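Only one structure is covered here, and it is reproduced in the block below.
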Amino acid sequence: MDFSLPEEYRAFRDTVHRWVDAEAPKKWARDLERDEHNYPFELWDKFTAAGFHGVGISEEYDGQGGDVIMQMLLARELARSLGGLAWIWGITSFAGSKSIGLYGTEAQKKKYLPLISTGQLKAAIAFTEPSGGTDLLGSMRTTAERVEGGWKLNGEKIWSSSAHVADYLLVIARSDKNAEKKHQGLTLFWVPTTTPGLTITPLAKLGMRSMGSCSVHLQDVFVADENVLGEPDRAWYMLLPTLNNERIMVGAFCLGVIDGILEDALDYMKQRHAFGKPIGQFQALQHYVADIATMQTTTELMLHYCAWKQSKGENVGNDANMLKLIASENANKAADLGIQILGGMGYSADTDMQRYWRDSRLWRIGPITNEMVRNGIAENLGLPRSF
Ligand SMILES: Cc1cc2nc3c(=O)[nH]c(=O)nc-3n(C[C@H](O)[C@H](O)[C@H](O)COP(=O)(O)OP(=O)(O)OC[C@H]3O[C@@H](n4cnc5c(N)ncnc54)[C@H](O)[C@@H]3O)c2cc1C
39 MDFSLPEEYR
49 AFRDTVHRWV
59 DAEAPKKWAR
69 DLERDEHNYP
79 FELWDKFTAA
89 GFHGVGISEE
99 YDGQGGDVIM
109 QMLLARELAR
119 SLGGLAWIWG
129 ITSFAGSKSI
139 GLYGTEAQKK
149 KYLPLISTGQ
159 LKAAIAFTEP
169 SGGTDLLGSM
179 RTTAERVEGG
189 WKLNGEKIWS
199 SSAHVADYLL
209 VIARSDKNAE
219 KKHQGLTLFW
229 VPTTTPGLTI
239 TPLAKLGMRS
249 MGSCSVHLQD
259 VFVADENVLG
269 EPDRAWYMLL
279 PTLNNERIMV
289 GAFCLGVIDG
299 ILEDALDYMK
309 QRHAFGKPIG
319 QFQALQHYVA
329 DIATMQTTTE
339 LMLHYCAWKQ
349 SKGENVGNDA
359 NMLKLIASEN
369 ANKAADLGIQ
379 ILGGMGYSAD
389 TDMQRYWRDS
399 RLWRIGPITN
409 EMVRNGIAEN
419 LGLPRSF
């Protein structure tokens with residue numbers, strides 16, 4: 039057995055680590071996150087200059103190459119400082135490069151992947167509907183009706199992150215009302231946000247405020263046939279394998295947040311004094327950081343295992359569920375301990391613990407809730423489906 043990361047990956051990780059400290063330090067991330075009316079375009083442009091949008095896209099389409107392990111390392115390092123704002127990179131990487139790369143035609147790949155690699159195209163995911171995200175398929179009301187030359191979309195989506203600045207939305211809609219099963223008769227559309235009939239409205243929320251998460255109203259939105267991704271009516275079958283990839287990225291973001299928390303907690307414990315000594319001498323606080331470090335290591339082991347398995351094309355479904363579960367619970371617990379270690383300053387908007395806590399709170403809910411993840415793990419143990 040070999041648990042070590044090969045040299046090429048370590049070099050990439052170390053380069054991104056240094057880049058983050060120089061170009062996207064925590065204080066800047068804190069200021070950027072706060073302003074819910076201003077999307078951080080400057081951060082997006084820095085990612086472009088560093089070539090991050092092209093990680094995972096082959097050189098043939100102007101990308102940087104790299105596999106899921108590379109993407110996982112990038113996600114972790116970005117989140118150490120940026121927390122949830124690392125999604126600014128992740129959403130387009132998932133909605134755009136992953137989806138077009140996997141289901142796109144050669145013409146679609148040639149048209150869109152170079153634009154994504156070079157930071158000229160932002161994408162957002164519009165799957166969840168107001169009537170329910172966990173039972174996404176059962177509650178889906180958005181319809182796609184065949185018309186001459188394409189489709190007409192009607193419906194309502196919610197929580198589509200960064201949709202207000204996106205050039206394209208990845209939309210899933212019910213294209214066959216008579217399908218026998220709810221996971222059948224669904225189609226994936228790549229919708230330009232300039233299309234008439236689209237109304238995109240940012241929603242107020244707890245964390246990742248400047249990234250914006252939006253409601254999307256679709257009224258008679260025409261989508262040309264050339265903007266259908268993959269085979270019509272078979273979207274769910276196509277999407278399933280990519281959901282594992284998304285869970286691995288969530289695991290990486292959570293681990294990055296734990297890294298940031300541990301750094302800040304240890305720093306503070308050395309500087310802050312009480313009763314004539316650094317607070318790092320108090321056993322209670324030492325236990326807290328020992329717990330955070332243990333969460334860091336267990337999350338890392340599971341993350342590396344899942345990314346390695348995915349890179350070899352093995353079935354990672356149940357492992358990716360377990361990773362998403364422990365990574366999000368660990369990150370949120372670690373952030374809570376981090377706040378406690380900093381005392382009043384942990385609650386202050388001028389330190390990062392509150393930001394890590396708010397951001398990691400989402401990952402217990404999205405992209406899939408931890409209750410639903412547990413349902414899947416239990417079912418995998420041979421128990422009957424509970425819903
Ligand atoms: C900030 C933010 C950003 C997001 N970004 C995006 C995005 O970019 N694109 C996108 O498409 N979506 C996005 N989402 C949506 C996210 O994926 C959903 O919120 C998530 O899937 C949960 O759906 P829901 O909110 O409708 O909760 P519900 O489905 O209404 O669930 C409510 C509660 O019921 C529980 N529950 C439901 N069914 C079961 C069951 N069978 N067993 C046990 N418990 C159950 C859930 O676990 C949860 O606790 C985002 C959400 C947020 C908050």
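Under the working numbering, the letters of the sequence shown match residues 39 to 425, in that order.
Positions of the beta carbon are idealized from the N, C-alpha and C atoms, including for glycine.
Computed from a predicted structure; not experimentally measured.
Residue ranges of each beta strand (DSSP E) within the region 344-405, 3 or longer:
none
Length of the line joining the Cα atoms of K3 and R412:
This structure leaves residue 3 out entirely; the chain is present only between 39 and 425.
Comparing the CB of M287 with every heavy atom of ligand 1, is any distance shorter than 7 Å?
Along the sequence shown, read from residue 1 onward, the residue named residue 287 stands at position 249. No, Cβ of M287 sits at least 7 Å from all heavy atoms of ligand 1.
Hey, out of V254, G298, E264 and K350, whose CA is closest to I107's CA?
Along the sequence shown, one-based indexing puts residue 107 at 69. I107 has its Cα closest to that of K350, out of V254, G298, E264 and K350.
Report the three-state DSSP secondary structure of Y206 (helix, strand or coil).
Position 168 of the sequence shown, counted from the start, is the residue given in the question as residue 206. Strand at Y206.
Report yes or no: do three or more beta-carbon pairs, one from the region 245-253 and one from the region 193-212, lie closer than 8 Å?
yes
What is the DSSP secondary structure of Q324, reduced to helix, strand or coil?
Position 286 of the sequence shown, counted from the start, is the residue given in the question as residue 324. If DSSP states are grouped into helix, strand and coil, Q324 belongs with the helices.
In the structure shown, what three-state DSSP assignment does S198 receive?
Along the sequence shown, read from residue 1 onward, the residue named residue 198 stands at position 160. S198 falls in the strand class under three-state DSSP.
M410 beta carbon near ligand 1 (any heavy atom closer than 7 Å):
By 1-based counting over the sequence shown, the position of residue 410 is 372. Within 7 Å of the C-beta of M410 there is at least one heavy atom belonging to ligand 1.
Report back the beta-carbon spacing between A211 and L191 to the nearest angstrom; my notes put them in contact at under 8 Å.
By 1-based counting over the sequence shown, the position of residue 211 is 173. By 1-based counting over the sequence shown, the position of residue 191 is 153. That pair is a contact at about 6 Å.
Can you have a look at M39 and say buried or exposed, based on whether 16 or more other CB atoms are within 10 angstroms of its CB?
For the purposes of this step, residue 39 is identified with residue 1 of the sequence shown, where counting begins at 1. It counts as exposed.
Is V354 buried or exposed, if buried means 16 or more other CB atoms sit within 10 Å of its CB?
For the purposes of this step, residue 354 is taken as the residue at position 316 of the sequence shown. Flag for V354 reads buried.
Does the beta carbon of L419 fall short of 7 Å from some heavy atom of ligand 1?
Position 381 of the sequence shown holds residue 419. Checking the 7 Å criterion, the Cβ of L419 is out of range of every heavy atom belonging to ligand 1.
Run through DSSP, which three-state label would R184 get?
The residue you call residue 184 lines up with position 146 of the sequence shown. Correct three-state label for R184: strand.
Pick from L236, H55, F260 and I330 that is closest to I299, judged by C-alpha positions
Your numbering for residue 299 matches position 261 in the sequence shown. The option with the nearest alpha carbon to I299 is I330.
So, for R402: in the same chain, excluding its five sequence neighbours on each side, which residues have a beta-carbon less than 7 Å away from its beta-carbon?
Counted from its first residue, the sequence shown places residue 402 at position 364. Short of 7 Å from the beta carbon of R402, and not among the five residues preceding or following it, lie these beta carbons of its own chain, in chain order: S366, E367, N370 and N408.
Look at the alpha carbon of Q348 and the alpha carbon of T231, and state the distance between them as a whole number of angstroms.
Position 310 of the sequence shown, counting from 1, holds the residue named residue 348. Position 193 of the sequence shown, counting from 1, holds the residue named residue 231. Cα atoms of Q348 and T231: separation of roughly 32 Å, rounded to the nearest angstrom.
Run through the region 236-283 for me and flag every whole beta strand (DSSP E) of 3 or more residues, listed as ranges in chain order.
236-241 and 251-262
With a threshold of 8 Å between beta-carbons, can F50 be considered close to chain D, or not?
This model lacks chain D altogether; it includes just one protein chain.
Cα-Cα separation, R179 to W127:
Indexing the sequence shown from 1 puts residue 179 at position 141. Indexing the sequence shown from 1 puts residue 127 at position 89. The straight-line gap from Cα to Cα measures roughly 29 Å.
Do D173 and ligand 1 come close, with the Cβ less than 7 Å from some heavy atom?
Numbered from its first residue, the sequence shown carries residue 173 at position 135. Result yes, Cβ under 7 Å from ligand 1.
In chain order, what residues of the same chain have a beta carbon less than 7 Å from the beta carbon of R51, not counting five sequence neighbours either side?
Counting from 1 along the sequence shown, the entry for residue 51 is found at position 13. So the list reads L111 and E115, once near-sequence residues are dropped.
Please tell me whether, using a cut-off of 7 Å, the distance from the CB of F165 to the nearest non-hydrogen atom of ligand 1 is below it.
Indexing the sequence shown from 1 puts residue 165 at position 127. It does: the Cβ of F165 is within 7 Å (strictly closer) of some heavy atom of ligand 1.
Does the region 318-338 come within contact of the region 130-140, defined as at least 3 CB pairs closer than 8 Å?
no
When the Cα of A373 is compared with those of L419, Q334, G171 and G94, which residue comes out closest?
As a working note, residue 373 is residue 335 in the sequence shown. Ranking the options by Cα distance to A373, first place goes to Q334.
Taking L140 as part of the alpha helix (DSSP H), name the residues at either end of that continuous run.
As a working mapping, residue 140 is identified with position 102 in the sequence shown. Where L140 is concerned, the enclosing alpha helix (DSSP H) stretches over S137 to Y141.
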